[in-house]
Structure formats: C-alpha cells, structure tokens
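Here is the structure we will look at, set down as structure tokens.
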Amino acid sequence: MTRAVAVGFGAVFGFAISWGQFTSPDRLREMLLLQDPYLYVMMATAVTIGFVGARLLRRRRVRALLTGAPVAWATTRPERRHVVGATIFGVGWAITDSCPAPIAGQLAQGVAWSLFTIAGVMLGIALFFRRARVTTHAR
Amino acid sequence: MADFLLTRPPPEVIGLLLGLTVLGVLATLNQQLGALGGYSAVYERVTGRTSVLGWKAWFLGGILLGSLVFRLLAGANTVGDGYGWLTREFADWAVGPLLVLGGAMIGYGAKRAGGCTAANGICGTALGSPASFVATGTFLGVAIGVTLVIDAVIA
Chain P
61 MTRAVAVGFG
71 AVFGFAISWG
81 QFTSPDRLRE
91 MLLLQDPYLY
101 VMMATAVTIG
111 FVGARLLRRR
121 RVRALLTGAP
131 VAWATTRPER
141 RHVVGATIFG
151 VGWAITDSCP
161 APIAGQLAQG
171 VAWSLFTIAG
181 VMLGIALFFR
191 RARVTTHAR
Chain V
1362 MADFLLTRPP
1372 PEVIGLLLGL
1382 TVLGVLATLN
1392 QQLGALGGYS
1402 AVYERVTGRT
1412 SVLGWKAWFL
1422 GGILLGSLVF
1432 RLLAGANTVG
1442 DGYGWLTREF
1452 ADWAVGPLLV
1462 LGGAMIGYGA
1472 KRAGGCTAAN
1482 GICGTALGSP
1492 ASFVATGTFL
1502 GVAIGVTLVI
1512 DAVIA
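Protein sequences, first through last, are from chains P and V. Going by my numbering, the residue at position 105 of the first sequence is 165; the numbering climbs one at a time, nothing skipped. Going by my numbering, the residue at position 154 of the second sequence is 1515; the numbering climbs one at a time, nothing skipped.
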C-alpha cells in the first residue's frame, strides 16, 4: 500500500511540474535570470500551503493513514554541510537548468539528454557514499 | 485538452498541487517527500546497501508516471527542441559531458545538503526546518549568481 500511495503522490507531483513547465531548461533559466517570477510564486504558494496544512494536521493530532502514528516531523539545525552541499547543488542547477524531479520529468517526456544528467546524478550519489565511507574509516 | 495543458496555469495552481502533495505524503506515510531520495534509494538497493527499495524510489517512479501521462495528454513535451542554452552554445559532443558534470554536482551536492529543491526548498521549509531555509537560500542564490555570470560570458 505504501508503494501505491508513493506512486500516486509522485504522479501528481510529476504531472504538476510538467504542466508548470519546470521540465524546460529555458523556463528554469528565465527564472534564474530573474526574468520570470513564476518559480518563486509557485514555491511560495507550495510552502505556504504546506506550512499551514502541516500545523493543522499536528494541532488536530491527526494520525498518519498508513502508519497510525501521530503526524510529526523533525527539524534540523543548519550545519556546514548544508551550505557546502547547497552551493555545489546550485552550480549543478545553473549548468543543467534542472534538478532531480524535473530531470525525471524530462526522461518521461522522451528527452534523451536527460539520460546524461541522470548518469551524473547517480555518479554524484556514488561519490557521496564513497566519500562518507572513506571519512568513516579515517575516524 | 492539449492547448490547455501546453499553456502554463497560474503559478498558484502548481504551488497548490505541490503543497497538497507535501501534505498528502505527511498525512498518509508520515514522511517528508523528496526527489533525490528516490535516485538514492535506487542506488542503495542496486549496490546492496539496503535490502528493500525505499518508498522514495516509488515516489520517483510516480514522477515518471505523472510526467508520462502529461506527455500523452498534451501531445508534446514541455522541454522544447535541444537542451536550452547548452545545445545553443556547445556542439552536441560537449553537451553530454557537461550534463554529466552538472548532474554529478546535483547528486553529490543535494546528498550533502540533505535534500534537493523538493525536499529542502518546498517540504523542509514548509515544515520550518532551519537547515532547509539555509540550504534553499544558498542553492537559489548560487544558481542565480552562476546563471547571471554564464549569461554575461556567453553574451
């Protein structure tokens, strides 16, 4: 059931980003060049809906439908890794004019170039785990 | 239908759908959504780090499915010809390696930052995580800055 629910919400997410044209590198570029406020208005709306809705769920002590546990989440204090990682991520975003969800959207829409970006994402994840293992062994 | 889908709706409509997705995942799975976690779940399963495929891989599969349904209903993709500024400025043989490089920075950077645009920029900030606010401000600022520099150079 968890899988079906995850696929269902992922499908809504994928349909929405395709409709909003976040799969288009040119659209993303216009936004990063500050020529088009669409991305920023969209993000502000999504964050506002999520912010208000999540607090309503918690205040009403709603239990998660599939787990039965009270809806709750943990927050994280900023660390150096958040700034360093986000900086590297931001450069990658500027080069590709895309990010993980839109890359998947591009693939599903038949854009072969996305295969290169996906290969890169997997390589980056592999590097992360390799570096984490080396760091752990060094301790 | 095709014309309707190939025209962007107001950004508030997309924002509403994405915000409701954040809430839906929270209210059913008690989890925070993210797209990079899907790629990572696939990697971890394939390399034997985990014995089961994490739920975020299924969420990523859903993104593929939803985008495919959109493509079929719209009758055209929303990416356009080529690949943005890269195929306009570089020969095709150079675009692939640049996308691999950019993709690797996205994969490594987002893993280190604890999330991508969806996980930090939308979900984490909606849940009030200070780390997500810092990560989002950083990657947006860097992406805007680097894009402006690239634009100035290629102009």
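Just so it is clear, CB atoms sit at the ideal spot from N, CA and C, and this is done for glycine as well.
Across the set T147/P, T62/P, V181/P and A146/P, the C-alpha of V181/P shows the shortest separation from the C-alpha of I163/P. In the DSSP assignment, T1478/V falls outside any alpha helix (DSSP H) and carries neither an H nor an E. Interface flag for E1450/V against chain P is unset, since no Cβ pair is found closer than 7 Å.
Taking a beta-carbon distance threshold of 7 Å, M61/P does not count as an interface residue toward chain V. In this structure, A106/P lies away from L1394/V, with their beta-carbon atoms at least 7 Å apart. The beta carbon of A76/P sits closer than 7 Å to some beta carbon of chain V.
Put simply, the CB of S1412/V is far from chain P, with every gap to its CB atoms at 7 Å or more. Listed along the chain, the chain V residues whose CB falls inside 8 Å of the CB of V171/P are N1438, V1440 and Y1444. In terms of CA proximity to R121/P, V131/P leads the group V131/P, V112/P and T127/P. Between the alpha carbons of L175/P and A1465/V lies a gap of roughly 12 Å. Beta-carbon to beta-carbon, T127/P and S158/P are separated by about 33 Å, too far to satisfy the 8 Å threshold. Residue-level contact check: D96/P does not touch chain V, since none of the beta carbons of chain V fall below 7 Å from its beta carbon. Secondary structure of P1491/V (DSSP, three-state): helix. In the DSSP assignment, E139/P falls outside any alpha helix (DSSP H) and carries neither an H nor an E. Approximately 14 Å separates the beta-carbon atoms of W173/P and I1467/V; this is outside 8 Å, ruling out the contact.
Segment contact: the region 1381-1391 of chain V against the region 69-79 of chain P, three or more CB-CB distances shorter than 8 Å; contact assigned. Straight-line measurement puts the Cα of A104/P at about 14 Å from the Cα of D96/P. With a cutoff of 7 Å on beta-carbon distance, T1499/V and N1481/V are scored as not near each other. The three-state secondary structure of P97/P, taken from DSSP, is coil.
Among the residues of the region 1422-1436 of chain V, those with a Cβ less than 7 Å away from any Cβ of chain P are G1422, G1423, I1424, L1425, L1426, G1427, S1428, L1429, V1430, F1431 and R1432, in the order of the chain. Among the CB atoms of chain V, one or more fall inside 7 Å of the CB of V143/P. In the DSSP assignment, A1418/V falls within the alpha helix (DSSP H) that extends over W1416 to A1435.
Residue nearest to C1484/V within the set R119/P, G110/P, G80/P and A161/P is G110/P (criterion: CA-CA distance). Proximity of V194/P to chain V, defined by a Cβ-Cβ separation below 7 Å, is not satisfied. Interface flag for R121/P against chain V is unset, since no Cβ pair is found closer than 7 Å.
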